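Peer 1: Below are the structure tokens for one structure; questions will follow.
Residue numbers (the numbering used here): 10 to 203.
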């Protein structure tokens, strides 16, 4: 066992110190980071979410995935439907249905939101109606010139319209956001279906 460990350690040391031959430089960046905090705004407790991830796809591909709202339920976990109710210029009214899950708790969620698009750059989302007392979110896209990829940043403030245990809230929401972000990043970086 010790001999195997030493061999692996030696192999790692040799391969990590040997320069790669004839490879294009590529920066390695963290794939996903999610932070969830309980905050108080105007006497109301809510959750603040900051999440970011990187993909190899250029901003145009990311934009297409994020704004093809009708297909979101195909790859976003726990989203059963997502449909466009109306579109007027850069403003889109979207209805989403899904479920929030944590351990033994499941809660159906229905939202109608307004998405304001700034092409290839940002999507700002505000709650019109639904199972949240407060919901605002944004998606921002940042090109990464060194790799040709994109950094995707998701920020949100939300206050569920249903009971969420105070101590478990950040963990529950972090889990939902991680599943959503991982699904979005995987969809963007997956090869196109032919």
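We put the beta carbon where it would ideally sit given N, CA and C, even for glycine. Source: prediction; values computed, not measured.
Applying the 10 Å Cβ sphere with the 16-neighbour rule, what's the burial state of residue 190?
Peer 2: Result: buried.
Peer 1: Please check the pair residue 102 and residue 123, which I expect to be a contact at CB under 8 angstroms, by giving their CB distance rounded to whole angstroms.
Peer 2: At roughly 6 angstroms, the Cβ-Cβ gap stays under 8 angstroms, so residue 102 and residue 123 are in contact.
Peer 1: Evaluate the contact criterion for the segment 60-75 versus the segment 87-100: three or more CB pairs, one atom per stretch, below 8 angstroms.
Peer 2: Touching, no.
Peer 1: Which stretch, first to last residue, makes up the beta strand (DSSP E) that contains residue 131?
Peer 2: First-last of the beta strand (DSSP E) with residue 131: 131-139.
Peer 1: Alpha carbon to alpha carbon, what distance is there between residue 91 and residue 195?
Peer 2: So the alpha carbons of these two residues sit roughly 19 angstroms apart.
Peer 1: Buried or exposed, going by whether 16 or more other CB atoms sit within 10 Å of the CB of residue 176?
Peer 2: Exposed.
Peer 1: Buried or exposed, going by whether 16 or more other CB atoms sit within 10 Å of the CB of residue 159?
Peer 2: So residue 159 counts as buried.
Peer 1: Hey, residue 178 and residue 47 are a contact pair by Cβ (cut 8 angstroms); roughly how many whole angstroms apart?
Peer 2: Yes, residue 178 and residue 47 are in contact; Cβ-Cβ is about 6 angstroms, under 8 angstroms.
Peer 1: According to DSSP, is residue 169 helix, strand or coil?
Peer 2: DSSP places residue 169 in strand when its eight states are reduced to three.
Peer 1: Could you give the first and the last residue of the continuous alpha helix (DSSP H) run that contains residue 73?
Peer 2: 68-76 is the extent of the alpha helix (DSSP H) around residue 73.
Peer 1: Tell me, which residues are paired with residue 185 by DSSP?
Peer 2: Paired residues: none, contrary to the question.
Peer 1: By the DSSP assignment, the beta strand (DSSP E) with residue 45 in it spans what residues?
Peer 2: From DSSP, the beta strand (DSSP E) with residue 45 extends over 41-50.
Peer 1: Check for me: the beta strand (DSSP E) holding residue 125 runs from which residue to which?
Peer 2: Unbroken beta strand (DSSP E) run through residue 125: 114-127.
Peer 1: Span of the beta strand (DSSP E) holding residue 90?
Peer 2: Taken as a continuous stretch (DSSP letters only), the beta strand (DSSP E) holding residue 90 covers 88-97.
Peer 1: State the Cα-Cα distance for the pair residue 144 and residue 154, rounded to the nearest angstrom.
Peer 2: Residue 144 and residue 154: Cα-Cα distance of roughly 33 angstroms.
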